[in-house]
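Peer 1: Encoded as structure tokens, here's the structure I'll be asking about.
Residue numbers (my numbering): 274 to 460.
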């Protein structure tokens, strides 16, 4: 993990994983030969990345979502940059916000998508909200595990987002409209 020091150490999932010995801090500028999870990359993480993960691991960037634009990604060196597809945060800071995962959620999602579901669950057992992450995202995570590559992940994400949009529109149309009776409003 590259730690930019933006987060409150008491609430930071990256710092907690470091305290538990689950992750190590890398120096800014230090080269990483494994997968680097970062928002806005061209390639989505997919099951095809499992051999890279197994051989060289995964790293995350620990920073505040409010300050993500201040991060100079060019100072991080590596070959396997990946972004995670649509998932919803379950952590207390960003609960319910799509794409705003913390480090623990991102690492767990990486493990899950690449076929390491047991390890993904084990990692998030260290957090009180960990099981909620899987409850919220179980259906889409399982869809992502059936994909072959980055393009399939992107297509699955887009289909999922379209279904959410259609569901929202359908729910809006079927909203209950209470009848208005002018006589009942008079005294």
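Even glycine gets a Cβ: it sits at the ideal position worked out from N, Cα and C.
1) Could you tell me which of 372, 415, 429 sits nearest to residue 393, measuring between CA atoms?
2) Terminal residues of the continuous alpha helix (DSSP H) containing residue 379?
3) Comparing C-alpha positions only, which one of 365, 368, 333 sits nearest to residue 351?
4) Quick check on DSSP: helix, strand or coil for residue 328?
5) Give the DSSP-derived three-state secondary structure of residue 308 in the structure shown.
6) Identify, in the order they occur along the chain, each residue of the same chain with its Cβ nearer than 6 Å to the Cβ of residue 375, setting aside the five sequence neighbours on each side.
7) If you compare alpha carbons, which of 372, 293, 408 is closest to residue 430?
Peer 2: Looking at the atomic coordinates:
1) 415
2) 376-386
3) 333
4) helix
5) strand
6) 286, 364
7) 372
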